[in-house]
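Only one structure is covered here, and it is reproduced in the block below.
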Amino acid sequence: MAMDSEICPVAGAENYRYDSLNDYVHEVLHIATFGEEDKESITLAIRYLPISGMALITFENLHDEAWLFAGEIREILNIPLNVYLVEKPILLNTMRLFRQIIEESRGKYDDIVVNVSSGDKHLVCAAVTSSFVNGLKAITVVEGKPQLLPIIKLSYTEIVSPSKTTILKALERSGGAVEDLEELCHLTSFGKPLLSYHLNGTGSSRGLVQLGLVRTLEKGKKKVVEITELGRMFLLGIS
Numbered sequence: 470m471a472m473d474s475e476i477c478p479v480a481g482a483e484n485y486r487y488d489s490l491n492d493y494v495h496e497v498l499h500i501a502t503f504g505e506e507d508k509e510s511i512t513l514a515i516r517y518l519p520i521s522g523m524a525l526i527t528f529e530n531l532h533d534e535a536w537l538f539a540g541e542i543r544e545i546l547n548i549p550l551n552v553y554l555v556e557k558p559i560l561l562n563t564m565r566l567f568r569q570i571i572e573e574s575r576g577k578y579d580d581i582v583v584n585v586s587s588g589d590k591h592l593v594c595a596a597v598t599s600s601f602v603n604g605l606k607a608i609t610v611v612e613g614k615p616q617l618l619p620i621i622k623l624s625y626t627e628i629v630s631p632s633k634t635t636i637l638k639a640l641e642r643s644g645g646a647v648e649d650l651e652e653l654c655h656l657t658s659f660g661k662p663l664l665s666y667h668l669n670g671t672g673s674s675r676g677l678v679q680l681g682l683v684r685t686l687e688k689g690k691k692k693v694v695e696i697t698e699l700g701r702m703f704l705l706g707i708s
């Protein structure tokens with residue numbers, strides 16, 4: 470891959486603005502999905518947007534290639550750079566990686582931009598979802614220029630009440646499932662009628678089952694309650 474120092478001035482640009490993407494910020498972290506194709510799209514975004522650090526997200530089979538690419542960028546820009554590997558399930562583990570990167574970057578950067586112009590389609594979709602959940606700006610490259618994707622911060626408290634969140638957290642703490650409602654009552658300190666309401670909802674209010682955050686299974690006379698992958702994603706998004 471050929472790279473040149475033309476991108477250097479952008480990395481240290483003073484009073485740089487990138488239109489509708491964001492007002493001027495000094496320290497910007499780029500999170501970029503990395504694939505065998507379209508790697509040039511990552512460097513194209515660097516030409517247009519300020520950058521102070523980069524986190525590449527990719528799969529194990531591209532580990533060496535990603536670090537080679539990272540080394541070339543670091544040699545030119547002299548910025549902090551790391552490579553993160555995603556394992557299956559891709560969506561859930563990508564969200565976990567985003568939370569890890571955000572926590573590691575706290576206090577170091579003024580803004581985070583997610584570049585999804587390169588990489589496997591499943592990884593790209595997971596990164597877009599993770600951007601949406603975390604309220605981050607996501608971009609792709611169109612005709613050689615970065616284009617902002619419409620990412621909106623979810624208002625989780627309007628979707629799931631604190632009581633429903635308590636149930637989800639209790640299920641997660643218990644390994645993801647409980648064998649019956651009695652156990653869940655004990656874990657949450659909710660009575661059965663209230664627990665049933667939050668799980669199954671009513672005609673005017675959707676419960677956790679209808680929202681796809683938990684599933685229930687009949688096991689003899691007992692009802693197993695299990696958190697879904699979407700439920701785990703929800704908890705990651707509010708942590």
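The opening residue of the sequence shown carries number 470 in the numbering used here; numbering runs sequentially from there.
For every residue, glycine included, the Cβ atom is placed at its ideal position computed from N, Cα and C.
Quick caveat, the model's predicted, so the values are computed rather than measured.
query                                                                                                                          : result
Inter-residue spacing [alpha-carbon to alpha-carbon] between serine 599 and leucine 704                                        : 12 Å
Through-space distance from threonine 502 to alanine 596, alpha-carbon basis                                                   : 7 Å
Three CB pairs or more closer than 8 Å across the stretch 647-666 and the stretch 539-558                                      : no
Secondary structure of isoleucine 548, DSSP reduced to three states                                                            : coil
Validate contact between the stretch 559-572 and the stretch 535-543 using beta carbons, cut 8 Å, 3 pairs                      : no
Beta-bridge pairing of histidine 499 - partner residues as DSSP gives them                                                     : Met523 and Val582
Segment limits, beta strand (DSSP E) that includes arginine 684                                                                : 683-688
8 Å Cβ cutoff met for glutamate 698 and leucine 561                                                                            : yes
C-alpha gap between proline 619 and leucine 566, whole angstroms                                                               : 22 Å
Three-state class that DSSP yields for glutamine 616 in the structure shown                                                    : strand
Check whether leucine 518 and valine 582 have beta carbons under 8 Å apart                                                     : yes
Residue from Thr657, Lys614, Asp589 and Leu617 with nearest C-alpha to serine 632                                              : Thr657
Cβ-based burial, isoleucine 511 [other Cβ within 10 Å; buried from 16]                                                         : buried
Three-state class that DSSP yields for asparagine 491 in the structure shown                                                   : Below a pLDDT of 50, predicted positions are generally treated as unreliable, and asparagine 491, at 48, falls in that range; the measurement from the model is reported next regardless. If DSSP states are grouped into helix, strand and coil, asparagine 491 belongs with coil.
Per DSSP, the bridge partner or partners of glutamate 695                                                                      : Ala646 and Arg684
Residues of its chain near threonine 635, where Cβ-Cβ distance is below 7 Å and the 5 sequence neighbours each way are ignored : Thr657
Neighbourhood of glutamate 648 by C-beta distance below 8 Å, restricted to the same chain and skipping five residues each side : Lys688, Lys691 and Val693
Beta-bridge pairing of threonine 609 - partner residues as DSSP gives them                                                     : Gln616
Glycine 604 versus glycine 660 - alpha carbon distance                                                                         : 35 Å
Contact check, threonine 563 vs isoleucine 526, beta carbons under 8 Å                                                         : yes
Touching by the beta-carbon criterion (3+ pairs, under 8 Å), the stretch 527-536 and the stretch 667-681                       : no
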